[in-house]
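This report concerns only the one structure given below.
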Amino acid sequence: MSKKSCMLGLFILLGLTQIDCRRRAESHPKESQRVVVYTALDRSFSEPILRKFQEETGIEVLAKYDTESTKTVGLVNAIRAEKARPRCDVFWNNEIVNTMRLKEEGLLQPCRPETARSFPETFKDPDGYWYGLAARARVLLVNTDLVAEGEEPASILDLAKKRWKGRTGIAKPLFGTTATHVACLFAYWGEEETESFLQSLLENQIQIHGGNKQVALAVSEGRLAWGLTDTDDAIIEVERGKPVKMIYPDGTKDGVGVLFIPNTLSLVKEAPHPDEGKRLIGYLLSPKVEQQLAEGASAQIPLNPQVQAEARVKTPKELKSMEVDFEKAACLFEKAAATVEEHFLL
69 MSKKSCMLGL FILLGLTQID CRRRAESHPK ESQRVVVYTA LDRSFSEPIL
119 RKFQEETGIE VLAKYDTEST KTVGLVNAIR AEKARPRCDV FWNNEIVNTM
169 RLKEEGLLQP CRPETARSFP ETFKDPDGYW YGLAARARVL LVNTDLVAEG
219 EEPASILDLA KKRWKGRTGI AKPLFGTTAT HVACLFAYWG EEETESFLQS
269 LLENQIQIHG GNKQVALAVS EGRLAWGLTD TDDAIIEVER GKPVKMIYPD
319 GTKDGVGVLF IPNTLSLVKE APHPDEGKRL IGYLLSPKVE QQLAEGASAQ
369 IPLNPQVQAE ARVKTPKELK SMEVDFEKAA CLFEKAAATV EEHFLL
């Protein structure tokens, strides 16, 4: 082979190698073009939105989802454990109290996305450490084959009534929105009254399930007469045509009010990809995302007044809301959890 032919072959080989390298780089984005999100919102609801963000921006999304058995708390503890070397950029929580706890522990940093401007002040931290969106209500899901019309429960206090002994259920009150609900009761009723209520549930042989979804399924399948769950899990059973109905407990003017719990978004302190994290938070606060969550299977309640989605569940505009101090609930969370472990989960 001539020297000229050898040189030509070498140039071709180098060219092909460079093309292959470019292709590899394109298929594996740079580290700076990634964002890591820990999300407690059910994967079936959050994953399509995160995938759409990746498609629209080209930023690779690496998501870590929670499990039903450790709802929210598992991700919160992961952020704590990684404090010295954070891996997470954005925490997409399905409630608010544990997000506030992370802020108090110094594990979050502020950001101020433009899309947050239209949200009511009630649903965002004044210093930019967290933003609330897409709320759910705590509801009673009732099996209409097992509970006659006119005999339905109207309050969470009905969980303690003897007529329902052994026939009702809640999710394990150490995780997710059920743990948040207990902390909110500590803040609203006080320690003594809440402990008395929890003890009455134990004496009434309430059934404990792994999560709110499991409670909703147990009701729709007739294993429970009714149970306490969230609107996103309840509406699925309603729209599946199961013999169930939702009741918004304590929502009359004389009741304590319905507890509405927003999702929250926050940027982790010393996040490895802060710019991409801020961009993701801005995207998730955009009207189209709340619109999608409202119109999707979870029927979540938009908090941005710019969103005009037709609600399939009742909203704070229609019901009396529980006036709870979420910051106080965050401070009482550990006490509430200790009480549940010591006296309730025997």
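Be aware that the sequence shown starts at 69, since it is given in my numbering, and climbs by one per residue. Where is the CB? At the ideal position from N, CA and C, for every residue including glycine. Only a predicted model underlies this, so the values are computations on that prediction, with no experimental measurement involved.
Under 8 Å, with one C-beta from each stretch per pair, do the segment 148-168 and the segment 341-356 reach the 3-pair mark? yes
So is Glu410 buried or exposed if we call it buried at 16+ other beta carbons inside 10 Å? exposed
Using CA atoms only, rank isn't needed, just tell me which of Asn211, Tyr106, Phe187, Gly196 is closest to Arg291. Asn211
Starting from Glu217, follow its DSSP beta bridges and name the residues at the other end.
DSSP lists no partner for Glu217.
- Item | Other residues of its chain near Leu387: CB distance less than 6 Å, five sequence neighbours each side excluded | Tyr316, Gly319, Val326
Beta-carbon within less than 8 Å of Glu94's beta-carbon, same chain only, minus the 5 sequence neighbours each way: which residues are those? Because Glu94 carries a pLDDT of 43, less than 50, the predicted location of this residue cannot be relied on, and no value is offered for it.
Task: DSSP three-state assignment for Pro154, whether helix, strand or coil - done: coil
Fill in: Limits of the beta strand (DSSP E) - the one that Gln275 falls within
275-277
### Message
I'd like to know if the segment 173-184 and the segment 329-340 are in contact, where contact means that at least 3 CB-CB pairs between them fall below 8 Å.
### Response
yes
query: Does DSSP put Gln374 in a helix, a strand or coil?
result: coil
> Where does Asp110 land, buried or exposed, given buried means 16+ other C-beta within 10 angstroms?
Replying inline: buried
According to DSSP, simplified to helix, strand and coil, what is Leu335? strand
Checklist entry - Can you tell me whether Ser354 is buried or exposed, with buried defined as 16 or more other CB within 10 angstroms of its CB? => result buried
| query | Quick one: what's got a C-beta closer than 7 Å to Leu214's C-beta in the same chain, skipping five residues either side? | reply | Gly290, Ala293
| message | Mapping the DSSP letters down to three states, classify Met390 as helix, strand or coil. | response | coil
Going by other Cβ atoms of all chains shown within 10 Å of its Cβ, with 16 needed for buried, is Glu402 buried or exposed? exposed
Would you say the segment 371-384 touches the segment 122-129, given that touching needs at least three Cβ pairs under 8 Å? no
Problem - Spatially closest choice to Ile329 from Glu115, Lys192, Arg119, by CA coordinates - result: Lys192
- Report, in whole angstroms, the separation of the C-beta atoms of Asp301 and Ala286, which I expect to be a contact under 8 Å. Between Ala286 and Asp301 the Cβ distance is about 11 Å, and since that is not below 8 Å, they are no contact.
Practice problem: Report yes or no: do the segment 236-249 and the segment 181-195 share at least 3 C-beta pairs separated by less than 8 Å? | Solution: no
In this structure, how does DSSP classify Arg291 when only helix, strand and coil are distinguished?
coil
>> According to DSSP, is Ala405 part of a helix, a strand, or is it coil?
In response: helix
**OP:** Just grab the DSSP bridge partners of Gly132 for me.
**Re:** According to the sequence displayed, residue 132 carries Lys and not Gly. Paired residues: Tyr106.
Cα separation between Asn272 and Ala184? 44 Å
Among Ala202, Arg169, Glu395, nearest to Val357 - alpha-carbon criterion: Ala202
query: Apart from the five residues just before and just after Asp226, which ones in its own chain have a Cβ nearer than 7 Å to its Cβ?
result: Trp232
Rounded Cβ spacing between Phe187 and Asn372 (contact assumed at less than 8 Å)
6 Å
| Buried or exposed by the 16-neighbour rule on C-beta atoms within 10 Å, applied to Glu344 | buried
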